[in-house]
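Beneath this line is the structure, given in structure tokens, with notes to follow.
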Amino acid sequence: MNLRVRATLSMIGALLLLPALGGTARATSAGDVVEAGRTTVYLAPGKLLEVPVKAWHLRYRSTSATGEPNVVSGTLLVPDSPYPLGKRPIAGYAVGTHGMGDQCAPSAAMANGTEAELAIMSLMLLKGWAVAVTDYEGLGTPGDHTYMAGLSQGHAVLDSIRAATRVPEANLSTGAPVVVMGYSQGGSSAAWAAQLQPSYAPELRLKGVAAGGVPADLRAVAEHLDGTGDFGLAAAAGIGLDAAYPELHLDGYLTPEGAALFGDARDDCVSDLRTKFGGRRLAEFTTADVLNLPDWRARLAENRLGASAPRVPLFLYHAKGDEIIPYEVGRTLRKEYCARGVNVLWTGLPAGSHVLGAVEGAPLAVAWLATRVAGLPAIPNC
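Quick note, the sequence shown lines up with residues 1 to 382 if you use full-length UniProt numbering.
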């Protein structure tokens, strides 16, 4: 089936499904809850080590990269114990790359006990914060996952926080202090949430955003990954941008092998993407220099972080040995934000890999966010 037709049919299916959800399906504003059901999350496979929190699987309204309304899924986690210091803070947590198929979604992983980033979320839960975790557009809902489409991802993060306050049983306040955190794909999503919040969700009391390993410049990252073992991440980004922007028509520039592999990748998790595309190059699968086509150049530029200034303090961190997102990409984002007057605290981590950067940076990021919640001054190092 033509990939564009397939995506269109998926969107039609999503729209047809909504009336069946009953009264909650009449929600019409971004952040409105379409469906909220109690769920259980686990720290280990086999439904072992249940996390002692109240949890809801959500479907909520958000906005696509092109400004169209959509429905996104996610999970809301709220500690069982009362919060003793006023209104319970809400953290919007943006996960890193999980893959393209619905089975890869963070909500599915948390329910199965396979979500590695739940360890980081637990650092926030232990502070008494509620944590809203988006699955992003098309990851857990009908349609292709719009992987690395920054506007879509930023909207999904902000709207997960809005949705959290609209789950009555969660007892969260619209006036609660809000923070956002993410690494890798999540770092991009967190930074986009920071950039978009003043115009898209100004009512949120956003106090600070921590973003690590940020792929701020998709063109630079794609060129870096071409021919490496992680080229599958660049291929997935191509699929994701094509899903987000109808005019890109990626399928029109693919070779027969490219059409087969890219089509098959649309339901893969990250390990499968690495296996199928490792060591390959974009030129092997395309009939044109796709990244330099006018439509692609325009959308890549639109999805480059740093062009506008967040109004809240940022904590940016990046592993010096990052083999996936070049360290210089993170340094450039810091430089551009600083030039725009953003309050930025930058930390270059000694970690020797992208994954280790997430491990080393997470405790620092959560501690920094806690100072924002406490109302302490943010000290930049621009």
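Here a beta-carbon is modelled for each residue, glycine too, at the ideal position from N, C-alpha and C.
Item                                                                                                                                                              : Value
Look at the Cβ atom of residue 385, then the Cβ atom of L206, and state whether they are nearer than 8 Å.                                                         : Outside the displayed range of the chain (1 to 382) lies residue 385, so it cannot be described from this structure.
Check G154 in the structure and name its three-state DSSP category.                                                                                               : helix
Closer than 7 Å by C-beta to Y200: which residues in its own chain qualify, once you throw out the five before and the five after it? Chain order, please.        : H155 and L158
Tell me where the alpha helix (DSSP H) around H98 begins and ends.                                                                                                : Run containing H98: none; DSSP gives neither H nor E here.
In chain order, what residues of the same chain have a beta carbon less than 6 Å from the beta carbon of A109, not counting five sequence neighbours either side? : E115
On the DSSP bridge assignment, give the partners of N70 in chain order.                                                                                           : S62
Could you spell out where the alpha helix (DSSP H) holding P310 opens and where it closes?                                                                        : Neither: P310 is in no alpha helix (DSSP H) and is coded neither H nor E.
What does a CB cutoff of less than 6 Å around A358 pick up in its chain, not counting 5 residues either side in sequence?                                         : Y183
Using only the alpha-carbon positions, how far apart do S188 and H354 sit?                                                                                        : 14 Å
Please classify E117 as buried or exposed, where buried requires at least 16 other C-beta atoms within 10 Å of its C-beta.                                        : buried
According to the Cβ coordinates, are V180 and A194 closer than 8 Å?                                                                                               : yes
Report the residue from S308, T40, G279 and G128 whose alpha carbon sits nearest the alpha carbon of E50.                                                         : T40
Using 10 angstroms around the beta-carbon of C382, count the other beta-carbons present and answer buried if the total reaches 16, otherwise exposed.             : exposed
Looking at the strands, I want to know which residues DSSP matches up with H318.                                                                                  : G348
Output the residue ranges of the beta strand (DSSP E) runs that lie fully inside the region 168-195 and measure 3 residues or longer, sorted by chain position.   : 177-183
With 16 other CB atoms within 10 Å as the buried threshold, where does residue 449 fall?                                                                          : An answer regarding residue 449 cannot be provided, because it is not within the stretch 1 to 382 covered by the chain.
I'd like to check one pair, A149 with A265: are the Cβ atoms closer than 8 Å?                                                                                     : no
My guess is that L333 and L305 are in contact by the Cβ rule of under 8 Å, so how many angstroms apart are they, rounded?                                         : 6 Å
Can you list, in chain order, the residues of its chain whose CB lies under 7 Å from that of V344, leaving out five sequence neighbours each side?                : L314, L316, R334, Y337, C338, P380 and C382
Compute the Euclidean distance between the alpha carbons of L21 and V53, then round it to the nearest angstrom.                                                   : Since pLDDT at L21 reaches only 31, below the 50 mark, its modelled position is unreliable, and the value read off the structure follows with that caveat. C-alpha separation (whole angstroms): 26 Å.
Note down the Cα distance separating residue 383 from A44, rounded to an integer number of angstroms.                                                             : Absent from the model: residue 383. The displayed extent of the chain is 1 to 382, so no value can be given.
Tell me, please, which residues DSSP counts as bridged to R38.                                                                                                    : W56
Would the beta-carbon of A55 fall within 8 Å of that of R88?                                                                                                      : no
Would you mind sorting L126 into buried or exposed? The rule is 16 or more other CB atoms within 10 Å of its CB.                                                  : exposed
Going by DSSP, what residue range makes up the alpha helix (DSSP H) through K335?                                                                                 : Y327 to A339
So, under 8 Å CB-CB, A164 and A132 are touching, yes? Tell me the CB distance rounded to an integer number of Å.                                                  : 4 Å
Decide if T97 is buried, meaning its Cβ has at least 16 other Cβ atoms within 10 Å, or exposed.                                                                   : buried
Among residues of its own chain, excluding the 5 on either side of A14, which ones have a beta-carbon nearer than 7 Å to its beta-carbon?                         : Unreliable placement is indicated for A14, whose pLDDT of 36 sits below 50; the coordinate value is still reported in the next sentence. Same-chain partners within the cutoff: V71, T141, P142 and G143.
Return yes when the Cβ of L241 is within less than 8 Å of the Cβ of L248, no when it is not.                                                                      : yes
For S73 versus L85, is the C-beta distance shorter than 8 Å?                                                                                                      : no
In three-state DSSP terms, what is K207?                                                                                                                          : strand
Have a look at D268, N171, G101 and V33 and flag the residue whose alpha-carbon is nearest the alpha-carbon of S81.                                               : N171
I believe A191 touches A211 by the beta-carbon criterion, under 8 Å. Please report the beta-carbon distance rounded to the nearest angstrom.                      : 4 Å
Quick check on T63: buried or exposed, where buried means 16 or more other Cβ atoms within 10 Å of its Cβ?                                                        : buried
Suppose you measure from the CA of L218 to the CA of L48; what does that come to, to the nearest Å?                                                               : 38 Å
Which of helix, strand or coil does DSSP assign to I90?                                                                                                           : strand
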